[in-house]
Structures are given as C-alpha cells and as structure tokens.
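Asks: Chains as they are written, first to last, in my numbering: chain A, 1032 to 1625; chain B, 1032 to 1625.
Just so you know, even glycine gets a beta-carbon here, dropped at the ideal spot from N, CA and C.
Just so we're clear, the structure is a prediction, and the values are computed from it rather than from any experiment.
First the structure, then my questions, so here it is.
There are 2 protein chains.
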Amino acid sequence: MPEYRAPVEDIRFALNELAGLPQLAATVPAYQAATADVVDSILGEAARLANEVISPLNRSGDVTGVELRDGKVRVPDGFAEAYQAIASGGWVGLRGDPEFGGQGLPHAVSAPTSEMWAAANTAFATCPELSSGAIEALETHATPQLRALYLPYVLSGEWAVTMCLTESQAGSDLAVIQTRAEPRGDRFRLFGRKIFITWGDHELTPNIVHLVLAKAPNAPPGVRGISLFLVPKYHVAPDGKLGARNDIHPVSLEHKLGLHAAPTCVMALGDNGGAEGFLVGRLHEGLACMFTMMNCMRLGVGLQGIGIADRAYQQAVAYARERVQGRSADGKERVAIIRHADVRRMLLTMRALTEASRALAYAAAVNLDFAKHAPDPEERRRHLARADLLTPIVKGWGSEIAQEATALCVQTHGGTGYIEETGVAQFLRDARITTIYEGTNGIQAMDLVGRKVLRDGGGALEDLLSEMRNDQKALETDSGLEPMSRAFGAAIRATGECSRLLLHSAPTDQNFAGAVAFNFLMLVGVVAGGWQMARAALVATRKLKAKAGEASFLRAKLATAHFYYDHILPRAQAHAATVQAGSASIMELEEDQF
Amino acid sequence: MPEYRAPVEDIRFALNELAGLPQLAATVPAYQAATADVVDSILGEAARLANEVISPLNRSGDVTGVELRDGKVRVPDGFAEAYQAIASGGWVGLRGDPEFGGQGLPHAVSAPTSEMWAAANTAFATCPELSSGAIEALETHATPQLRALYLPYVLSGEWAVTMCLTESQAGSDLAVIQTRAEPRGDRFRLFGRKIFITWGDHELTPNIVHLVLAKAPNAPPGVRGISLFLVPKYHVAPDGKLGARNDIHPVSLEHKLGLHAAPTCVMALGDNGGAEGFLVGRLHEGLACMFTMMNCMRLGVGLQGIGIADRAYQQAVAYARERVQGRSADGKERVAIIRHADVRRMLLTMRALTEASRALAYAAAVNLDFAKHAPDPEERRRHLARADLLTPIVKGWGSEIAQEATALCVQTHGGTGYIEETGVAQFLRDARITTIYEGTNGIQAMDLVGRKVLRDGGGALEDLLSEMRNDQKALETDSGLEPMSRAFGAAIRATGECSRLLLHSAPTDQNFAGAVAFNFLMLVGVVAGGWQMARAALVATRKLKAKAGEASFLRAKLATAHFYYDHILPRAQAHAATVQAGSASIMELEEDQF
C-alpha cells in the first residue's frame, strides 16, 4: 500500500493564494517571522515527519492497538519514538508563547501540520493535538504561577495533556457533571469518574497534565457552575521535579470502531483520598476556559477530517491507477479503472471536497491569527466573529466530508476495500469519530445557528455573504467563469434567504433552530467551500493568463473547481429547501409513533 | 441492547396497500394460495424466527467470527441450530417450484423474509439468501437430470449453495476469468482459484453446491465465453447419496471490516486433479444463467440494506428514548434526546428512507411475480421490464440508504456509538459491503443507464414516470396533499428531462452514460421513493377519512411522507443538476493530474 504523501503544493496554494498567509505576515507584526521561506521550510519538515515517521505506524498501530496492564497503558511500537520526534522538533508549541518556549507562529502554519499528522496517523495525531489545544487555554486562563510551572513542559511536549469532560450521564450536556472539587487551601481535591478520555494515560511522557471539569461547592446549577482544574498525573514540585503519583488513574480502555492506537480511557479521580487539582480561570467559569480549548480542538477535528479525506483520496487514486478492470469507453482496450467516468466521479468528489474544506479551514485559522494579534481592535473583533462563525462549519462539514471520502475510497477499491489488510477500511473506521467528538455535529450545528447567527442577528454571516458576493462579481468579468458566477450567486442568495428565515422564525418557533440547524450548517459549508473554489479558479485563471506558475497544476485547480460546481454545489439547493421546510414535519410524529 | 423486532405492521402495509400483493394473489392463478391469512401467518412466523432465533446471534457472531482450521470452517455457536430452523421451516424454498419441494410462493412474500433475516443477522442471512438466488437459476437453466438430483436438496436447505464468480484479476470484469473447465465425457474438470466466496465452505450442511463460472475450451473471448458449472463439495450418487470429497477446497478466509460471522473464502479448484463439475445452461452462455441468479441476489442485497437500515432505526429510537441529555426547547425540563429536533431529524431520515425503499423493493418483487406467472404475455413482458428497471435501483439506492442509516444510528448514540460493545458500529461495518457485492453500485448504475434505459430508448422508465404522473394527479384532489403533489410533479419532470438528456447525449459522448450513471440511479431512487411515499400518504388519508384502520399508525405514515418530501425529495434536484452537468468536468482532469 502506498504511504501518505503530504500534499505540500496544494497546502501552499491554499495558504498563500486563498487564506492570505502572506498578508497576515506582512500586516501583523507578531507574525512577521512567518515569511514565505520560513513557512516553506516548516511545511517541508512537517511533511517529512508525516510521510516518513508517523504514517508508517498507521496500519501497525491499528493492528496492535492499546492495552491496559498492571495499571499502565501500552501503546504500539514506534509511537514513543515518533512522539519524541514531534516533541523535540518543537511542533507541539508551534503556536505557543515564546515566553514559555513556544515558536509564536500563526495558527495558519500549525493548521497544515495538524492536517498532515492526522492524515498520516489519526490515532497518533490526537495526542499532540490535545496539547496544542490546551496551550491556548492555559496561556489565556491559568494563573502566572501555573503558567510558569507547567507551560514550558507542555509547550516542549515533554508532558502530554488530556481533556477530561465527559461523564457517563454528561456527554453533550456538561451541565450535569458530577465530579466534585473540594477546596484544600490554595488547591482542590477532585472526586469523580470521567469517560471517553482520549490518551487519558500512557507512558509516552513522564507526566500528563489533565484538564478536568468539576463542580466546586456552592456552584450554581447548570453550566454556569462548572470549574476547570489542572490535575497532574504526578505531583510537580515548584522546581518542576516530579513527585508521587496523583490520585487519577485509568480504570479501563474502550474497544472502539477505530482509533485503535489511541487509548480511550475511563479515568477515576479520588479513589484514594482525592486527586489534587489547581483552579484554571475563575471559579464556576470553567466552561468558558474549556471553550478556548474546544475551539482550537474543533478546528483541529475539522482538519483531521480533511486530512483523512486527503489520505483516502491519495490511496484511491493509487489503486485506480493500477487496477485494470473493464475496457475503455470506446471498447478498444483494457484499462485501469481511473479511466472509467464513474471512478473519476468518485475520485473528483473526494478531491474537490478536500480542497474546498482545506481552504476554508486555513481561512478560519488566519482569522484566528488576526483575531489574536491584529493591531486594530476592530479588525480583531471582525476576524474573531468570522473565526467563531467558521469553526463549527469547519468541524461539522469537514468531518462529514471525511465520512464521504473514506466511504468513496472503500468503494473505489470494491471488494478489496472491505478487506482489513488493504488498510482503507481503517480510514473509514478512524474517520467515524470525527463527527462525534469535541461536540457532535448536531452540537456544532446548534452552536452555528444559536451562538453564531441568531445571537448577533446574522451579522457575521451577512459579512461573510457580502465578501462572497464581491468574489462572485469578480467571476463575472471572466467569460470562462461566468457559469460559475451564476451558480455561486444563486447559492449565496439561497443562503441569505435561509438566514433571514432563521432569524424570522426562531423567535416564535422554539423548534425551528434545532430542526434546521444541521442542514443550515451543511448549506453554509457547501457554499463557503464553493466560495473557496471560486477564488481558486480566479487565481488559477489569472496566473495561467500571466503564465505564472506551473500550468498543469493551475489547470488542475480550475478543473477541480469546475467539478465542484457541477457536483457539489447543487447540494446547496437541497439543503436550502430542507431549511425552508422548517420544523413542521420534524415535530409532526408523536414520540410513541417512532 | 434491545433486540430487533421485525416491523410486521409496516411490512404488511407496504405489501398490501402499496405493492399490491392482494391483486397479485387475486389475478395470477399460480399465486392464489397467497391469501391474506396465509401471508399473515408466514410473516408472523418469519418475524418470530428473526426476532427470537436469528437476531440473538448477531452480536455474538460478530465477536466470535469464523475460523479455518484443519481445512474446516468453524462458524459461531448457534448458527447451526438457527440454520436448521430456517431449513426445516421450508424457508429456503419459499419461492421454489413445488415439483421439487418448494412452496411456490411469490417473491413478494420472500422479500420481507429476506429483509427480516438480514436485519436480524446480516452475516447469517447471506447463507440462505444464496440458496434462494440459486434456486431460480437452477430451475431455469439446469438440465432435467441436474434439477431432479439437486433441487430437492437445495430447496429444502439440506445443502447450501455458493456463487463462485470473482477471481483476483476479475472482479467487476468477469470477461477475464481464468478458471478453466476441461470436458470429460458428460461432465467437466475445473481448475482455478476463486476469491470473495461468501459462505464458500462450512459445516452447516452435509454438502454444498457451488455454482462456478469458468471458461471451457474454444470459448470466444470476453463475457460471451463464460460457462456456468455446478460443482458439488461432495460427489453425489444418482440416488442422492454423498460420495468422496470433490476437488474444491477453502484455502483461506478474509479478515473483513464486517460480516465477521460469514466466512469469505478463497476457494481452490483442481489442486488435486480437477473439480468435477456439470454444465448449467448452454456452453459459453453462463453469464446469462448467472444473471438469473444475480438479479434475485441484487434485489436481495437491496433488501439487506433496507433491513439493516430498519434495525439501525429501531436501535437509534430505543437509545433516543432512554438517553436523557439536555433540556426541552422551552428550557423547562431535562429530556430524553428524542425530544431534540436534530435527533428527530436523524431518526426520521432513517425511518423515511427505510419505508420508501422497502415499498419500492416489494413493488419490484411483485413485478417479478407478475413477470413469471401472469397469464397475459404482454403483462409478463411489461412487468419484467419494470422489474429489470427497478432491480439496480433497489440494490443501489437501498444499499446507499443502509450507509446513511447506520451512520445516523452511530451518530444518534454519540460517543457510545463508537464503542463496539454498543453493537451499532457492527451495523455500519456489516452494511458497508452492500454497496459493493453482487455488483458495485457503479455497476448497478451502468446497468440502469445502459441496459435498462438506453437499450429500450427510455421506454420502461417512461412507463414508470407515467404511472407516477397518474398518482401525482391523485394527490392534487386532496387539499392536504397539494404541496406534495407540486413537489412530486417537479421531481418527475426533472427525471424525465434527465432521461431525455441521457438518450440524446449518450450516443455522441461516450463518457456521458458513465459520468451521470450514479447520480441518475440516485435520482430515480429518490423520486421513486417519493412516489411510494405519496401513495402511502394517499392510502393513509383515504383510510383516515373512512375511519378504516388504526388512526395513529396511519397518521404516522402521513407524517413520515411529509418528512420525506421536506427532507429527502429535495435531493432529487441536486442529483438532477449533476446529471444535467454531463461529463465535461468529470473528464477534464488529465490522469497524471489526479
């Protein structure tokens, strides 16, 4: 089976021509180090790690799996060395504050590395990904003492991180967590049981920093009563030296459909007197802190989906090139199946979805960067609103794309794809979690319609649509792109109509937002993907005319955009029609009639 | 985990009110025994077997899997007893010729049993399903001697059956099989290696009848040179007594994503002098014989998909009823997730797709019955054309529905769905093969556009659309169904336009048919499903007015139809737009640009 090859050229195109990384580096002083040369060498080295170090462990990790024995979690061979390569290369702290040893690079640069590593080995990649997400939360919310003590170890990757949120009765609904935190002087003792803790325990690092949601005494009910605590696996002395084991332990591992190489733990806190923990952020306001982390993680899960989709595409193309079956359309010769139109349809669907969602994810990353460090506060606000709007879309749509692409990869392989040794069934199994974790796509959709559209009266979405309209007008001036302009215009209008209907109906129909949320998310995803493909087509056309850049590469961008408009964008009308239908038929059936 | 409960009421509604089983029994003498009472008692007993005997072995079979040891295939505990229950109940020969011990019942009655058994335990169900398919081929094509000797054992289920088609270089492309058959008097000796042979070997029955495609000497090249042979596992004396082992052996078993309890074998023929085989049908015309079997099997795979989708729906509903998470839309109380609109969307999507595709599959089964035994030859011809048209749609669309429903089932369960012990991941793994085997959905789509539409100038499809138009007019007369009528009308028109475009473009654009085939299949599937839902809505409305039948049941049919029209039918426009786009953007990318 051919290994993954990180698509550096495509990534560079998306970063430089679509997401606007050069403009970020040129206008935001904090990121002026992210020059084209620097970014190129980072991407090259990340690709090397992905291709040569991480990817070769993907299948063996799936086969070996993980094991909990004598209280210790054993992970597959090679994972320790691969983790060391990531940590020692400074990749965990790529975005981190230089004060604590981070590289201070933009999210736009870490996004492709997240994508590459997830593509190379999704189970492995979830480990450093957790640290990247945690860094932001600790930098923003932890006390100076905690930051000074813990951040250098987290940024360097010397210690790993987990997020301990879920309990058996509290999944999407964190308001009902029961883990409690009892104050003891300047710290707390935690008691409870957490489930679904990814990389909850392991021996890759000498210590693990658990970020745990719990309820302190006198907490108000609901999500406003949750606090966030830092709970180290081993106690840490003020000089960083490790002490005795803290009272947090893995109890069991889950047998999962996929991600076999990533230990998913049930974690027990306080079975022996209480797990010592330190408050992060303010008491009872832990969910806000966790959301700082969750938003990074959600973008990260979207990138995982995109990465897996890309790997599935690569694998399907390789098989389609070599598998000879059937005859050419003119019947004259036996051909590789890549010559069959229906196989090309499958490959192009994977390719177009991957390119569109990648561009959108990188755009959201650049928004996060502007939001963090743009000199002008209004610019920061505007970019934050855009990043907040795009995050659930990148997570939700990106992870749905992973389902479609991995299914098409299996389908391209025919019966061979159903055999585990082929390796492509693993992509499907691994991808399946991405629509679920870090908030199911239903939760993403409610986040989008509730917090990101209804709460600001549709302002951020209208801002996005208006930017799309400008680009759509630019398409009109090129005769070759005129059909694209018309289709894009109709899709923008449909999205605007759905947004207005949502704003109009949600206040009086309490089921409306929930009924339309998922299709609304998919609608905006498909249209925003179409926006990115239109922009790619504009760039490619311009460069081809100017004879700038490699013609075959640019023509491929154009062809992929054409395919997207023929095959993917029409889905927008179906999603829009469903939104227009509202909640009536969703609420019509009585509960006992199901 | 709640076990499967065969949806007998829904099945009866689809058979009696939509598929027209009563009209079949009333007008076709061969099926006059299939009275309402007889059918009811058959469905009741089939449901009991599905619920109580087969379904309880589903999860254990998945966990245990199969093993090849000392040349024998071991299957999970309980499978032998369950198989005996199926065989001794006369279920294998339900449709079979009474002359050889069959029940002579219509396909319309065996279709629900295929659905139920696949829903109860897909891996198990593939075994008797293979026999059902083979019976038709043997009845039609085998010599009187072979029929007399083998059919009684096959019809009674005493001997199982396999289909040996695929070779490693010959999957979708059977023209290039290399297994050869050397004549020896009135029989042949076969040499070759077959792969992906479902239930290729096992000890459930004392003998196995392999139907093997091979090439005899002087065969013309391509698919016109393939012959079909009956190759028994043990030699059979003229009196039916079993002799020595024939030279056909399992070499290894595949490790598959799903169907763990169904042995998928590599079979070696002729390693020790040749496997004795008997010609079925005419020399070099084996593919036609195999297609008799394949068509039954394809309808059967569609029913498998529908069955798995239904089981996934049942499981998701059960979980959604019991899982409390989040608050009601008015915020007043904690609720089971079935109260959340987005969860209802998922459940209703599964439900609506299942009901629509079930009705369509049963309709196709009734068409097969009329085609076989209607007194009037013109009626037989018309029904055969309709069955031929619907078969790839039922297989293709039904199996795609299984992907969507099983994914939604996992999604409804959230993180719990990703844990293997929950059991719903198995549905997804098992369902995944249905888009692939018995001809990938790409092959189904080419069958539809090539053999079923282009070859007869769109006649059979136009006949279907015209029947739809009649039903659409009937909707107009009921004010409550008027919106449905408009949407259905637009969908019929879109289908007609796509059909005309196909007929117009395929002759001059050799890539057109392949480029649009899959979306054309999905289009016709979605619209034909909408047709069945419209008919269900008409029946329910009429019965509610007449106060005939259980009101809650009928209102649920109406509500499900409304949901289908709001959420599923809009997909037709997306598929149609893609068909209208033709082949240009699919063929634009050069092979080396992928």
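Write down every uninterrupted run of the alpha helix (DSSP H) in the stretch 1444-1517 of chain A whose length is 4 residues or greater and which is fully enclosed by it, in chain order.
Replies: If we require 4 residues or more, the alpha helix (DSSP H) runs fully inside the stretch 1444-1517 of chain A come out as 1455-1462, 1472-1477 and 1490-1507.
Asks: DSSP on Gly1677/A, reduced to helix/strand/coil?
Replies: Any question about residue 1677/A goes unanswered here, given that chain A covers just 1032 to 1625.
Asks: Taking Cβ to Cβ, would you say Phe1594/B is nearer than 8 Å to Ile1042/A?
Replies: Going by C-beta atoms, Phe1594/B is not nearer than 8 Å to Ile1042/A.
Asks: Could you run through the stretch 1067-1092 of chain A and flag, in chain order, every residue whose CB is less than 7 Å away from some CB of chain B?
Replies: Going along the stretch 1067-1092 of chain A in chain order, one finds no residue with a Cβ nearer than 7 Å to chain B.
Asks: Rounded to the nearest angstrom, how far is the Cβ of Glu1167/B from that of Ser1145/B, given a contact under 8 Å?
Replies: About 13 Å; that fails the 8 Å criterion.
Asks: Below 7 Å between beta carbons is the criterion; list the residues of the stretch 1516-1546 of chain B that meet it against any residue of chain A, in chain order.
Replies: So the list reads Gln1541, Asn1542, Gly1545 and Ala1546, given in the order they occur along the chain.
Asks: Here's the rule I'm using: 16 or more other beta-carbon atoms within 10 Å means buried, otherwise exposed. How should Lys1483/A be labelled?
Replies: Flag for Lys1483/A reads buried.
Asks: Could you compute how far the alpha carbon of Arg1354/B sits from the alpha carbon of Leu1244/A?
Replies: Going from the Cα of Arg1354/B to the Cα of Leu1244/A covers about 21 Å.
Asks: Using DSSP bridges, identify the partner residues of Tyr1265/B.
Replies: Beta-bridge pairing links Tyr1265/B to Arg1276/B.
Asks: Buried or exposed: which applies to Gln1176/B, given that a residue is buried once 16 or more other Cβ atoms fall within 10 Å of its Cβ?
Replies: The residue in question, Gln1176/B, is exposed, as its Cβ has fewer than 16 Cβ neighbours within 10 Å.
Asks: Among the residues of its own chain, which have a CB less than 8 Å from the CB of Lys1246/A, if the five just before and after it don't count?
Replies: Cβ neighbours of Lys1246/A beyond the five flanking positions: Ile1208, Gln1209, Thr1210, Arg1211, Ala1212, Gly1256, Ile1257 and Ser1258.
Asks: Under three-state DSSP, which class holds Glu1098/B?
Replies: The answer is strand: DSSP assigns Glu1098/B an E or B state.
Asks: Return helix, strand or coil for Ile1208/B, following the three-state DSSP convention.
Replies: In the structure shown, Ile1208/B sits in coil (DSSP, three-state: anything other than H, G, I, E or B).
Asks: Under 6 Å Cβ to Cβ from Met1194/B, same chain only, skipping five residues before and after it: list those, please.
Replies: Leu1242.
Asks: Listed from N- to C-terminal order along the chain, which residues in the stretch 1466-1492 of chain B have their beta-carbon within a distance smaller than 8 Å of any beta-carbon of chain A?
Replies: Answer in chain order: Thr1466, Ile1467, Tyr1468, Thr1471, Asn1472, Gly1473, Ala1476 and Met1477.
Asks: What are the residues that DSSP puts in a beta bridge with Asn1238/B?
Replies: Bridge partners of Asn1238/B: Trp1190/B.
Asks: Can you check whether the C-beta of Asp1373/B is within less than 8 Å of a C-beta belonging to chain A?
Replies: Cβ-Cβ to chain A under 8 Å: yes for Asp1373/B.
Asks: Using DSSP's beta-bridge definition, name the partner residues of Gly1308/B.
Replies: Note: Gly1308/B sits in a beta bridge opposite Phe1219/B.
Asks: According to DSSP, which residues form a beta bridge with Ser1283/A?
Replies: BP columns for Ser1283/A point to Val1297/A.
Asks: When you compare the CB positions of Asp1232/B and Pro1183/B, do they come within less than 8 Å of one another, or not?
Replies: Their beta carbons are not under 8 Å apart, which means Asp1232/B does not touch Pro1183/B by this criterion.
Asks: State the start and end residues of the unbroken alpha helix (DSSP H) segment that holds Ala1367/A.
Replies: No alpha helix (DSSP H) holds Ala1367/A; the beta strand (DSSP E) holding it covers Arg1365 to Ala1367.
Asks: Using 8 Å as the threshold, is the C-beta distance between Pro1143/B and Leu1074/B below it?
Replies: Yes, the pair counts as a contact, with Cβ atoms nearer than the cut-off.
Asks: Can you round the beta-carbon distance between Ala1402/A and Leu1415/A to whole angstroms, since I take them to be within the 8 Å contact cut?
Replies: Correct: roughly 4 Å between the Cβ atoms.
Asks: Which residues in chain B have a C-beta closer than 7 Å to the C-beta of Ile1450/A? List them in chain order.
Replies: Correct list: Glu1285, His1286 and Lys1287.
Asks: Taking a cut of 7 Å between CB atoms, which residues from the stretch 1433-1444 of chain A lie near chain B?
Replies: Against chain B - using a Cβ distance shorter than 7 Å - the residues of the stretch 1433-1444 of chain A are Gln1434, Ala1438, Val1441 and Gln1442.
Asks: Compile a chain-ordered list of the residues in the stretch 1158-1189 of chain B whose CB is closer than 9 Å to at least one CB of chain A.
Replies: Cβ contacts with chain A come from no residue of the stretch 1158-1189 of chain B.
Asks: Cβ of Gly1336/B within 8 Å of Cβ of Thr1465/B?
Replies: Yes.
Asks: So that I know if they touch, is there some Cβ in chain A lying closer than 8 Å to that of Asp1041/B?
Replies: For Asp1041/B, the answer is no, since every Cβ of chain A falls outside 8 Å of its Cβ.
Asks: Sorted by chain position, which residues of the same chain lie with C-beta nearer than 6 Å to Ala1571/B's C-beta, five sequence neighbours on each side aside?
Replies: Here the set comprises Leu1585, Lys1588 and Leu1589.
Asks: Could you name the residues of the same chain whose beta carbon sits closer than 6 Å to that of Met1564/A, not counting the 5 residues immediately before and after it, in chain order?
Replies: Here the set comprises Ala1387, Ala1592 and Tyr1595.
Asks: Does the beta carbon of Leu1379/A sit closer than 8 Å to a beta carbon anywhere in chain B?
Replies: Yes, Leu1379/A counts as interfacial toward chain B.
Asks: Is the beta carbon of Asn1082/B closer than 8 Å to that of Arg1126/B?
Replies: No; because the gap between Cβ atoms is not below 8 Å, this pair is not in contact.
Asks: Hey, quick one: how far does the beta strand (DSSP E) through Lys1103/A stretch, first residue to last?
Replies: Its beta strand (DSSP E) spans residues Lys1103 to Arg1105.
Asks: Do Tyr1344/A and Leu1290/A have their beta-carbon atoms positioned less than 8 Å apart in this structure?
Replies: No, the pair does not count as a contact, with Cβ atoms beyond the cut-off.
Asks: Return the CA-CA distance between Leu1620/A and Asn1089/B, expressed in angstroms with no decimal places.
Replies: C-alpha separation (whole angstroms): 30 Å.
Asks: What does Ala1245/B pair with, by DSSP beta-bridge criteria?
Replies: Note: Ala1245/B sits in a beta bridge opposite Ser1258/B.
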